[in-house]
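So the structure is just underneath, and the comments pick up after that.
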Amino acid sequence: VHCHSSATDASGLVKCIMDELAPYFSEKRLPGKTRISLACCLNMCGAVHCSDISLVGVHRLPPKIQHERVSKVCEVPTLIASCPTAIRPNPKEKASSSTTERC
């Protein structure tokens, strides 16, 4: 799944949670069918609505733009389409600019 609006990266957070909960499963203090899920944004595509333990990532601060990396690591039109209210193309710098009040 390629998400354009994720607020967190799931892999590190899920690893930490599973490391903490592993003893509960090995000592049978939790049922074997306990469902844990993480949604990386408010779209909640991680089936958090049908899990026993659910986590949802939420943006707390506007993202910081690293202008020198943007054109190398992502498609600028796709980036702008992910948040057309706050992100605008900047042809002078061949990058994008963000209006943090709208983010």
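Every number in this note's numbering is 29 more than the matching position in the sequence shown, counting from 1.
For every residue, glycine included, the Cβ atom is placed at its ideal position computed from N, Cα and C.
Compute the distance between the beta-carbons of Leu84 and Leu59, then report whether it is under 7 Å. One-based indexing of the sequence shown puts residue 84 at position 55. One-based indexing of the sequence shown puts residue 59 at position 30. Result no, Cβ atoms of Leu84 and Leu59 do not sit closer than 7 Å.
Taking 7 Å as the CB-CB cut-off, is Tyr53 touching chain C? Annotation note: the requested chain C is absent from the structure, which comprises a single protein chain.
Counting only the same chain and skipping the five closest in sequence on each side, list residues whose C-beta sits under 6 Å from that of Ile82. Within the sequence shown, numbered from 1, the residue matching residue 82 stands at position 53. Closer than 6 Å at Cβ, skipping near neighbours: Ile65.
Identify whether Ala68 lies in helix, strand or coil by the three-state DSSP scheme. Counting from one through the sequence shown, the residue named residue 68 turns up at place 39. Residue state, collapsed to three classes: strand.
Report buried or exposed for Gly41, applying the criterion of at least 16 other Cβ atoms within 10 angstroms of its Cβ. By one-based count along the sequence shown, residue 41 stands at place 12. The residue in question, Gly41, is exposed, as its Cβ has fewer than 16 Cβ neighbours within 10 Å.
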